[in-house]
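This report refers to the structure that appears directly beneath it.
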Amino acid sequence: MDLIEIHAYDVKRTAMLVKMFGYLQKTWNVRFLFMSATFPGMLLEMLKREVQIEQIISADEHFYMLARRHRVFVKEADLLAEESVSCILKRVARGENVLIVCNTVERAQRMYDTIKKSGLSFELFLLHGRLHGKDRQKVEHVLMKKMQSPFLSSTPMVLVATQAVEVSLDVSFDVGFTDPAPLEALLQRFGRVNRKPFPPVEPKDVFVYSQPTRFDGIYDEEEVVRALHLLRSKGNGFIINESEVSSWLDNIYSGSVLYTWMETYQDAATRFQRTIVQELVPFFADTEIADEFYEQFDSVPVLASNLLEEYRTVAELSPLAAEELLVTVRWKTYQKYKAQPYKSPHGMVRMVRVPYLSEYGLQM
Numbered sequence: 025m026d027l028i029e030i031h032a033y034d035v036k037r038t039a040m041l042v043k044m045f046g047y048l049q050k051t052w053n054v055r056f057l058f059m060s061a062t063f064p065g066m067l068l069e070m071l072k073r074e075v076q077i078e079q080i081i082s083a084d085e086h087f088y089m090l091a092r093r094h095r096v097f098v099k100e101a102d103l104l105a106e107e108s109v110s111c112i113l114k115r116v117a118r119g120e121n122v123l124i125v126c127n128t129v130e131r132a133q134r135m136y137d138t139i140k141k142s143g144l145s146f147e148l149f150l151l152h153g154r155l156h157g158k159d160r161q162k163v164e165h166v167l168m169k170k171m172q173s174p175f176l177s178s179t180p181m182v183l184v185a186t187q188a189v190e191v192s193l194d195v196s197f198d199v200g201f202t203d204p205a206p207l208e209a210l211l212q213r214f215g216r217v218n219r220k221p222f223p224p225v226e227p228k229d230v231f232v233y234s235q236p237t238r239f240d241g242i243y244d245e246e247e248v249v250r251a252l253h254l255l256r257s258k259g260n261g262f263i264i265n266e267s268e269v270s271s272w273l274d275n276i277y278s279g280s281v282l283y284t285w286m287e288t289y290q291d292a293a294t295r296f297q298r299t300i301v302q303e304l305v306p307f308f309a310d311t312e313i314a315d316e317f318y319e320q321f322d323s324v325p326v327l328a329s330n331l332l333e334e335y336r337t338v339a340e341l342s343p344l345a346a347e348e349l350l351v352t353v354r355w356k357t358y359q360k361y362k363a364q365p366y367k368s369p370h371g372m373v374r375m376v377r378v379p380y381l382s383e384y385g386l387q388m
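See below:
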């Protein structure tokens, strides 16, 4: 089983995933290949406690020298501020493909609407976690097709996204603008800029905006602050040497941050082991365990009420295709907006009393 990008900043989910890896290896003899550009020391130690690690493979110094792709600038402003948007539009006007990453869906939607009203000629896309699978695949397909065949259009592309862009999207933008975030998240966002060709012709610019630093329920503020401090210490316009990333992460995850991380990790791992892993029974579905699982992962697939008829129609032909109409939301969000579930012939579908718009996603 290949597993790509486990992030330390999402400590509760990380703890549950690592516990599940241990269960799968010990019970079912599953073998794993973990791949990541960012692997802090304490995360590797937690993996070693649960999973037998046969070999650790790292890139050599020559590869890292070839992979100098990003020139980093820290901007002491809010990404949504008027002057920030003006800087973004200047790069669009130059004909560059631009990536903009916001930390929340609401901020991404605001940025999307602002860029949309600029009057410039470009192709604009919005990608975030409240798009269902069908619409998300549509956006990703168009983006990747155009980037793989740039001769088809000379019009620049602008993608406004959330963390959804950090994984499984093979795109290569000319310049990036992002909200502040933990270092691992920032590096993943940078990775969607100057991705191709490899080795790069020259480093490309990425801009990290420093305000605000608090995003409740998304990132630990101290991890965000430490990431910004580290980037500032390198000087504006420094070029990332990826061989140094592990030491940067170990520096961030130290002292009080490491203590809090370990405490949260142990609590989440213990609860998950007790309430989920020990209760698993092969070929047996339990609604209560499923709800407990979704609550602990703080992530549950739901169907918008205005998509029910479409879901029924699609499910008659392909239950699997119907699943692409579901949107994953946080457990508390589901509890706030939940409606009577739809009991389909293929299982229970959790519903929410909010509309879904194809361009913007789930409206909350």
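Going by the numbering used here, the first residue of the sequence shown is number 25, and it counts up by one from there.
Glycine residues also receive a C-beta, built at the ideal position from the N, C-alpha and C atoms.
Note that this is a predicted model, so its numbers are computed, not measured.
CB contact flag (Leu273, Glu208, <8 Å): In the sequence shown, the residue the question calls residue 273 occupies position 249. In the sequence shown, the residue the question calls residue 208 occupies position 184. Closer than 8 Å, so yes.
Nearest-angstrom beta carbon gap, Gly261 and Phe97 [assumed within contact, 8 Å]: Position 73 of the sequence shown holds residue 97. Position 237 of the sequence shown holds residue 261. Indeed they touch by this definition, with Cβ atoms about 6 Å apart.
Leu148 vs Val189 beta-carbon contact at 8 Å: Against the sequence shown, residue 148 aligns to sequence position 124. Against the sequence shown, residue 189 aligns to sequence position 165. With respect to Val189, Leu148 sits apart: the two C-beta atoms are not nearer than 8 Å.
Local conformation of Phe197 per DSSP, three classes: Mapped onto the sequence shown, residue 197 falls at position 173. If DSSP states are grouped into helix, strand and coil, Phe197 belongs with the strands.
Option in Glu347, Phe56, Arg37, Glu266 with minimal Cα separation from His21: Lying before the first or after the last residue shown, residue 21 is absent from the chain, which here runs from 25 to 388.
Extent of the continuous alpha helix (DSSP H) run through Tyr233: Position 209 of the sequence shown, counted from the start, is the residue given in the question as residue 233. Per DSSP, Tyr233 lies in no alpha helix (DSSP H); the unbroken beta strand (DSSP E) holding it starts and ends at 228 to 235.
His86 (DSSP reduced to helix, strand or coil): The count along the sequence shown starts at 1 and reaches residue 86 at position 62. Here His86 sits in helix by DSSP.
Beta-carbon spacing of Leu94, Val225 below 8 Å: For the purposes of this step, residue 94 is identified with residue 70 of the sequence shown, where counting begins at 1. For the purposes of this step, residue 225 is identified with residue 201 of the sequence shown, where counting begins at 1. Just to set this straight, residue 94 is His in the shown sequence, not Leu. Contact: no.
Candidates Asp240, Phe197, Ala205: closest to Arg219 by CA position: Position 195 of the sequence shown, counted from the start, is the residue given in the question as residue 219. Out of Asp240, Phe197, Ala205, Phe197 has the C-alpha closest to the C-alpha of Arg219.
Thr299 - containing alpha helix (DSSP H), residue span: Position 275 of the sequence shown holds residue 299. Thr299 -> alpha helix (DSSP H) spans 279 to 299.
Simplified DSSP state of Val54, which is helix, strand or coil: Residue numbering aside, residue 54 sits at position 30 when the sequence shown is read from its first letter. Three-state result, Val54: coil.
Helix, strand or coil at Gln187 according to DSSP, with G and I counted as helix: Numbered from its first residue, the sequence shown carries residue 187 at position 163. The DSSP-derived three-state label of Gln187 is helix.
Contact set for Val338: own chain, Cβ-Cβ below 6 Å, skip 5 residues either direction: In the sequence shown, counting from the first residue as 1, residue 338 sits at position 314. Close CB contacts of Val338 within its chain, under the 6 Å cut and outside five residues either way in sequence, are with Ala345, Ala346 (chain order).
CA-to-CA distance, Gln133 to Arg154, given in whole angstroms: Numbered from 1 along the sequence shown, position 130 holds the residue referred to as residue 154. Numbered from 1 along the sequence shown, position 109 holds the residue referred to as residue 133. For Arg154 and Gln133, the distance between alpha carbons rounds to 11 Å.
Chain-order list of residues whose beta-carbon lies under 6 Å from that of Met388 (same chain, five-residue window excluded): As a working note, residue 388 is residue 364 in the sequence shown. Excluding the 5 residues flanking it on each side, Met388 has same chain C-beta neighbours closer than 6 Å at Val378, in chain order.
Classification of Met372 by the beta-carbon crowding that lies within 10 angstroms, buried from 16 upward: Reading the sequence shown from its first residue, position 348 is the one you call residue 372. Result: exposed.
Supposed contact pair Tyr233 and Ala101 - C-beta distance, whole angstroms, cut 8 Å: Taking the first residue of the sequence shown as position 1, residue 101 is located at position 77. Taking the first residue of the sequence shown as position 1, residue 233 is located at position 209. About 6 Å; that satisfies the 8 Å criterion.
Helix, strand or coil at Ala251 [DSSP, three-state]: Along the sequence shown, read from residue 1 onward, the residue named residue 251 stands at position 227. The answer is helix: DSSP assigns Ala251 an H, G or I state.
Where Ile187 falls, given that 16 or more other Cβ within 10 Å makes a residue buried: The residue given as residue 187 occupies position 163 in the sequence shown. The amino acid occupying residue 187 in the given sequence is Gln; Ile does not appear at that position. So Gln187 ends up on the buried side.
Spatial distance of Ile276 from Asp229 (CA atoms): Along the sequence shown, read from residue 1 onward, the residue named residue 276 stands at position 252. Along the sequence shown, read from residue 1 onward, the residue named residue 229 stands at position 205. Between Ile276 and Asp229, the C-alpha separation is close to 23 Å.
Nearest residue (CA-CA) to Thr202, options Leu183, Leu193, Val195, Asp194: Within the sequence shown, numbered from 1, the residue matching residue 202 stands at position 178. Comparing Cα-Cα distances from Thr202 to each of Leu183, Leu193, Val195, Asp194, the minimum goes to Leu183.
Touching by the beta-carbon criterion (3+ pairs, under 8 Å), the region 316 to 336 and the region 358 to 366: Verdict: yes, contact present.
Residue interval of the beta strand (DSSP E) (run including Asp102): For the purposes of this step, residue 102 is identified with residue 78 of the sequence shown, where counting begins at 1. Where Asp102 is concerned, the enclosing beta strand (DSSP E) stretches over 94 to 102.
Assigned secondary structure, Lys141 (DSSP; H/G/I helix, E/B strand, else coil): Reading the sequence shown from its first residue, position 117 is the one you call residue 141. DSSP places Lys141 in coil when its eight states are reduced to three.
Close beta carbons around Phe63, own chain, < 7 Å, minus the five adjacent residues each side: Your numbering for residue 63 matches position 39 in the sequence shown. Contacts found: Ser270.
Short Cβ contact (8 Å threshold) for Pro180 with Val122: Sequence index remark: in the sequence shown, residue 180 carries index 156 (1-based). Sequence index remark: in the sequence shown, residue 122 carries index 98 (1-based). For Pro180 and Val122, yes; Cβs fall inside 8 Å.
Contact check, Arg354 vs Ser323, beta carbons under 8 Å: Position 330 of the sequence shown, counting from 1, holds the residue named residue 354. Position 299 of the sequence shown, counting from 1, holds the residue named residue 323. Cβ atoms of Arg354 and Ser323: closer than 8 Å.
First and last residue of the uninterrupted beta strand (DSSP E) at Glu147: In the sequence shown, counting from the first residue as 1, residue 147 sits at position 123. It spans 147 to 151 - the beta strand (DSSP E) in which Glu147 sits, taken as one unbroken run.
Span of the beta strand (DSSP E) around Arg374: The residue labelled residue 374 in the question sits at position 350 within the sequence shown. Residues 371 to 376.
Ala105, DSSP secondary structure in three states: As a first step, residue 105 must be located in the sequence shown, where it is residue number 81. In the displayed model, Ala105 falls within coil according to three-state DSSP, outside both helix and strand.
Close beta carbons around Tyr289, own chain, < 6 Å, minus the five adjacent residues each side: Here the question's residue 289 lines up with position 265 in the sequence shown. The beta carbon of Tyr289 sits closer than 6 Å to those of Val35, Ala39, all from its chain and outside the five residues before and after it, given in chain order.
Sequence-distant residues of its chain with Cβ nearer than 8 Å to Leu254 (five each side left out): Against the sequence shown, residue 254 aligns to sequence position 230. Excluding residues within five positions, the ones whose Cβ falls inside 8 Å are Leu207, Trp272, Asn275, Ile276.
Ala292 classed as buried or exposed, judged by whether at least 16 other C-beta atoms fall within 10 angstroms: The residue you call residue 292 lines up with position 268 of the sequence shown. Buried.
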